[in-house]
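For reference, each letter of the sequence shown is one residue, going 1 to 204 in the UniProt record's numbering. From the three backbone atoms N, C-alpha and C, an ideal C-beta is built for every residue, glycine too. Here's the structure, in structure tokens; my notes come after.
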Amino acid sequence: MQPKNENAELLENVSRETKEKLVLYVSLLQQWNTKINLISKQTTDQIWERHICDSLQLVSLIDASVGSIADFGSGGGFPGLVLAIVTGIPITLVESDMRKTVFLHEVARQTQSNVNILCKRIEQVDIPPVDLITARALASLETLLAFSESRLKENGYCLFLKGQKVDDEIAEAQQNWEFNYLKIPSKTSPDGVIVKINQFRHIV
């Protein structure tokens, strides 16, 4: 199964070897999803568009200086494992569900991805600060900032995949946090937004 034409450009700069790893990933996802809930059953026929390409659009937003990434609430591996396969940057995947982490380990093994998988709640994770933090469909923006504050390098930034309520989440977070942000329209969802955040601090 390959992506539809409207999202094919996201794969244009991906090598053949990397694309083969993504195809393997999708195959494993389809197999495992019959046993554990990795993605919604309604999206199993749209894995490339809804999950792979949705994650791939972050690649162009990763600065050349980024040498470490943490992905919170990795679930089935989006966006963290996709980014690890495509960029080769060391990525820490944080996922509290044991069954999902077993899946992540298996995909990482078969695709030879450079990931560190932690089966813990984010509040319990103790990792060195990273250059970039990512998350998709995990929690409110305010909660994500709280998760990220002590785990991001001083000059680091966050890329959060958000939906149509993003403006409400930004307004809510601004009551307790100061931060710089940029909203980037999603290439894969008409309601989707990527929020890039840096220079944030708690003010209450």
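Helix, strand or coil at residue i [DSSP, three-state]
{"i": "ILE69", "result": "strand"}
{"i": "PRO190", "result": "coil"}
{"i": "ALA135", "result": "strand"}
{"i": "LEU58", "result": "coil"}
{"i": "ARG121", "result": "coil"}
{"i": "ILE52", "result": "helix"}
{"i": "LEU29", "result": "helix"}
{"i": "GLY80", "result": "helix"}
{"i": "ASN198", "result": "strand"}
{"i": "ILE39", "result": "coil"}
{"i": "VAL94", "result": "strand"}
{"i": "ILE203", "result": "coil"}
{"i": "LYS165", "result": "coil"}
Contacts around residue i, its chain only, beta-carbon distance under 8 Å, and the 5 residues preceding and following it disregarded
{"i": "LEU28", "result": "PHE103, GLU106, VAL107 and GLN110"}
Closest residue to residue i among the options (Cα-Cα distance)
{"i": "TRP177", "options": "ILE203, LYS196 and GLY163", "result": "ILE203"}
{"i": "LEU38", "options": "LEU56, PRO79, PRO185 and ILE133", "result": "PRO79"}
{"i": "LEU182", "options": "PHE200, LYS153, PRO190 and VAL23", "result": "PHE200"}
{"i": "CYS53", "options": "GLN31, PHE179 and LEU161", "result": "LEU161"}
{"i": "LYS100", "options": "ASN33, LEU159, ILE85 and LEU152", "result": "ASN33"}
{"i": "GLU154", "options": "VAL14, ILE197 and ASN116", "result": "ILE197"}
{"i": "ILE89", "options": "GLY156, VAL66 and SER186", "result": "VAL66"}
{"i": "VAL166", "options": "GLU149, LEU159, TYR157 and GLY192", "result": "GLY192"}
{"i": "residue 269", "options": "ALA137, ALA64 and ASN116", "result": "Since the displayed the chain opens at 1 and closes at 204, residue 269 lies outside it and no answer follows."}
Same chain, Cβ closer than 6 Å to residue i, neighbours up to 5 away in sequence not counted
{"i": "GLU142", "result": "GLU172 and ALA173"}
{"i": "ILE36", "result": "ARG99"}
Own chain, CB closer than 7 Å to residue i, minus 5 neighbours either side, in chain order
{"i": "ILE170", "result": "LEU141 and TYR181"}
{"i": "PHE147", "result": "PHE72 and ILE122"}
8 Å contact criterion, which residue i and residue j should meet: CB distance rounded
{"i": "ILE69", "j": "VAL130", "result": "6 Å"}
{"i": "LEU145", "j": "PHE179", "result": "7 Å"}
{"i": "ILE133", "j": "CYS158", "result": "5 Å"}
Beta-bridge pairing of residue i - partner residues as DSSP gives them
{"i": "LEU22", "result": "The partner list for LEU22 (beta bridge, DSSP) is empty, contrary to what the question assumes."}
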